[in-house]
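In this text, residue positions in the sequence shown follow numbering that gives the first Met the number 0: the first is 0, and each later residue adds one. Glycine included, every Cβ here is placed at the ideal spot set by N, Cα and C. What follows is a single structure, written as structure tokens, with notes after it.
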Amino acid sequence: MRRLLSLAFAFAVAACTSGTGNDQNAAAEARGPREVAPILTGADARDTQTYARPEVARVTRVALDLDADFANRRMAGTATLDIQAAQGAHEIILDSRGLEIEAVTDAAGQPLQYALGANDAAKGQPLTIRFGEGAAPTQVRIRYRSAPDAEALQWLTPQQTAGGRHPYLFSQGQAILNRTWIPTQDSPGIRQTWEARITAPEPMKVVMSGERLTPEGEDAGNRRRAYRFRMDHPVAPYLIAIAAGDIAFRELGPRTGVWTEPAMLDRAAAELADTERMVEAAERLNGPYRWGRYDVIVLPPSFPYGGMENPTLTFLTPTFLAGDRSLNGLVAHELAHSWSGNLVTNATWPDRWLNEGFTSYFENRIMEALYGRQRAAQEEALSFAEIEKALVELGADAPGTRLRDDSGAESSGIVYDKGAAFLRTIERTVGRARFDAYLTSYFDRHAFQPMTTARFLSDLRANLIRGDAALEQRLQLDRWAYQPGLPDNVARPDPAAFAAVDRALAAYNAGGDVGAVPYSGWTTAERLRFLNGLPREMPAERLAALDRAFNLTASGNSETLFAWLQLALANRYPPAVPAVERFLAGQGRRKFVLPLFETLWGAEDWGRPIARRIYVRTRPSYHSVTSGAVDRLLGAQGRQAP
Ligand code: BES
Ligand code: ZN
0 MRRLLSLAFA
10 FAVAACTSGT
20 GNDQNAAAEA
30 RGPREVAPIL
40 TGADARDTQT
50 YARPEVARVT
60 RVALDLDADF
70 ANRRMAGTAT
80 LDIQAAQGAH
90 EIILDSRGLE
100 IEAVTDAAGQ
110 PLQYALGAND
120 AAKGQPLTIR
130 FGEGAAPTQV
140 RIRYRSAPDA
150 EALQWLTPQQ
160 TAGGRHPYLF
170 SQGQAILNRT
180 WIPTQDSPGI
190 RQTWEARITA
200 PEPMKVVMSG
210 ERLTPEGEDA
220 GNRRRAYRFR
230 MDHPVAPYLI
240 AIAAGDIAFR
250 ELGPRTGVWT
260 EPAMLDRAAA
270 ELADTERMVE
280 AAERLNGPYR
290 WGRYDVIVLP
300 PSFPYGGMEN
310 PTLTFLTPTF
320 LAGDRSLNGL
330 VAHELAHSWS
340 GNLVTNATWP
350 DRWLNEGFTS
360 YFENRIMEAL
370 YGRQRAAQEE
380 ALSFAEIEKA
390 LVELGADAPG
400 TRLRDDSGAE
410 SSGIVYDKGA
420 AFLRTIERTV
430 GRARFDAYLT
440 SYFDRHAFQP
450 MTTARFLSDL
460 RANLIRGDAA
470 LEQRLQLDRW
480 AYQPGLPDNV
490 ARPDPAAFAA
500 VDRALAAYNA
510 GGDVGAVPYS
520 GWTTAERLRF
530 LNGLPREMPA
540 ERLAALDRAF
550 NLTASGNSET
560 LFAWLQLALA
570 NRYPPAVPAV
580 ERFLAGQGRR
590 KFVLPLFETL
600 WGAEDWGRPI
610 ARRIYVRTRP
620 SYHSVTSGAV
630 DRLLGAQGRQ
640 AP
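Okay, structure coming up:
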């Protein structure tokens, strides 16, 4: 043990010789982008969700050469890993889940011994590769294929696409799903550069979250084309992503564009018309955009999230297409992750608020820059209402309301909304100009590095608070970061943001007539404020009158439709059931699907048979992220026909 520790120490030092802070950035730039990213060694940076022991041996670059085999739903080929091992290390441990390993060799093709360990339901299996005699190899090559049910990958049938003629594939890596298709050290603190060569059958096009080297693809024989990609900035491995299908591209601006199925291109481009301006606004806030292009892909409706910030290529749900850009805060959000998340990355998942809270704060700043204070204030107020709701539902002392959350619980909204409120509180305490300058320097000083809550707080103290004891006391940093509930210095939203809606709501809730509610003239945020402010128990006639007056069931806006359907189901309102079924069959975003099933499930005698009936039909179309969550809710019985 002593020996191992001293090895670990020697290696940690070697990996960090470039030091931290400004000098390191300057040095990294001078030496080019292939600089190996340092690994944090503190106890708070230890990732319990990986088998990797980076202090012994770590991956620095991944080179994939894979065929997308649609017929068998497998990615098959090789992963060649550049590795750095501490002196005396005799093995490297990778993460793997469901991978079928065929061979492991060094770069020269000499076989290396390997073993797959016991399977853990969450972490998967460790893949341990032994180095043999002599010095550790600098590369290992793994020949493997992913399992047909790999959780990161969704293989869609042609019927699940808009075009209906070709299959489709997309991946979702966050948080620890990429180990189901890439054998590497799947930890956000172990940054890796990567490259890939992917072959796919014509006329499928392949895109990935890095620089595209072969826009048209090269002939790979057998009516297949090969696409090559490269990412020379070290990224957290959850950010390696792929999509393949019958997709087309349209430019949005000089460095922005959209990929989607041809049938979706016009709608998508119109909704995304402000993307280039968003990048410009984000740069004014956070400093230069460091990833080259910012493209997005609008995926088929089974994409389980609103969006995913894959570098150079944000993945988006089509449910944000509202026709009026009212849900494009999603794009601002994923774009903002280009700084908070992709440039400076949570070292481990309990620190995910560093990704999501910062990003939600910047999302709102970008929205303000583009659309003005009013829209931003309204969206801030909606976010604040979510915190208050969570505090009521979970309890103000509940561990799940802490920002740094090592409870292992499913990602909750708290890290987004309370995280944003924390940064907003600092902003309003020190003043915007000073906070903006601090944040820009923060991204610059920690670019391409992992971050922990403790490191962020000490950085704040060193560079913003600078020994001002009164300021330190006013900010309550540790309370915000580590305690449940909401500190009393929280910056509250402007009560004027929804003054008119709240008046109309109060009058309506006091028994007023629906005719007095000016819903049609409201923004999406105002409509959501209204719908979410209605009592959860309402007589059927009043629900019917609301629906008739505002055409709620026919809404083409997924957020207002969702808010309405939740209200209707909570009231066991039968006329809403066909619309619920259509919505649950038409898209697979977990944020919409899970709560609707929860509401049905909660309405026991009435809702459970409905939930079972719908789920039997819709489950096969969902991504594992969504079906896994609903499976846990409904239990085994829920998956069988009533
Ligand atoms: N990175 C997240 C998506 C994610 C979170 C994937 C947790 C896996 C685990 C993404 O940036 C995100 O937060 N998406 C939100 C949209 C946003 C506007 C709040 C979503 O999917 O709804
Ligand atoms: Zn996010």
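Residue i vs residue j beta-carbon contact at 7 Å
i    : j    : result
G244 : Y167 : yes
P261 : A247 : yes
S95  : R211 : no
A628 : L593 : yes
D68  : A62  : no
L474 : Y437 : no
A588 : T259 : Here residue 588 turns out to be Arg, not Ala, going by the sequence shown. Result no, Cβ atoms of R588 and T259 do not sit closer than 7 Å.
V58  : I82  : yes
E385 : G407 : no
R227 : L284 : no
S170 : L155 : no
L564 : F442 : no
L566 : W600 : no
Q571 : W605 : This sequence places Arg at residue 571; Gln is not what is there. Yes.
Q586 : P182 : no
P492 : F383 : yes
Distance between residue j and residue i (C-alpha atoms, nearest Å)
i    : j    : result
A88  : Y415 : 40 Å
L542 : T77  : 57 Å
A503 : N531 : 13 Å
N24  : R444 : Below a pLDDT of 50, predicted positions are generally treated as unreliable, and N24, at 38, falls in that range; no measurement from the model is reported.
W348 : T127 : 23 Å
G555 : F561 : 10 Å
A446 : K388 : 35 Å
R460 : P577 : 55 Å
A106 : I141 : 10 Å
V278 : E194 : 25 Å
G209 : E603 : 47 Å
I609 : A495 : 41 Å
I241 : Y288 : 22 Å
P303 : Y621 : 8 Å
A268 : E215 : 21 Å
P668 : T617 : Residue 668 lies beyond the stretch modelled for the chain, which goes from 0 to 641, so this question has no answer here.
R190 : R403 : 21 Å
L315 : R351 : 20 Å
L568 : R324 : 28 Å
D185 : L271 : 32 Å
G31  : R276 : For G31, the predicted structure reports a pLDDT of 46, less than 50, and the residue's modelled location is therefore unreliable. The matter cannot be settled from this model.
P253 : A280 : 15 Å
R427 : R266 : 38 Å
A321 : R433 : 36 Å
Q138 : Q86  : 15 Å
F361 : T274 : 15 Å
P573 : K417 : 36 Å
R535 : V500 : 18 Å
R547 : L595 : 22 Å
A219 : A635 : 44 Å
Cβ separation of residue i and residue j, assumed to be a contact under 8 Å, to the nearest whole Å
i    : j    : result
P147 : R72  : 4 Å
K590 : G305 : 6 Å
L312 : I197 : Contact doesn't hold; Cβ gap of about 14 Å is too wide.
A36  : P233 : 4 Å
M366 : A375 : 5 Å
T439 : G286 : 5 Å
P449 : A44  : 7 Å
R129 : E90  : 5 Å
F497 : S519 : So it is not a contact: roughly 17 Å between Cβ atoms.
T424 : A490 : 4 Å
L422 : G356 : 7 Å
Q646 : M307 : With the chain covering 0 to 641 only, the question about residue 646 has no answer from this structure.
Min CB distance residue i to chain B below 7 Å
i    : result
A490 : Among the chains of the structure shown, chain B does not appear; only one protein chain is present.
Residue i burial status per 10 Å Cβ neighbour count (16 or more: buried)
i    : result
A29  : Low confidence applies to A29: its pLDDT is 40, below 50, so where it sits in the model is not reliable, and the reading given next is rough at best. That one is exposed.
K204 : buried
G514 : exposed
G340 : buried
A575 : buried
G291 : exposed
Exercise. Of all residues in the structure, which have a C-beta closer than 5 Å to any heavy atom of the ligand ZN, taken in chain order?
Worked result: My final list is E355 and T358.
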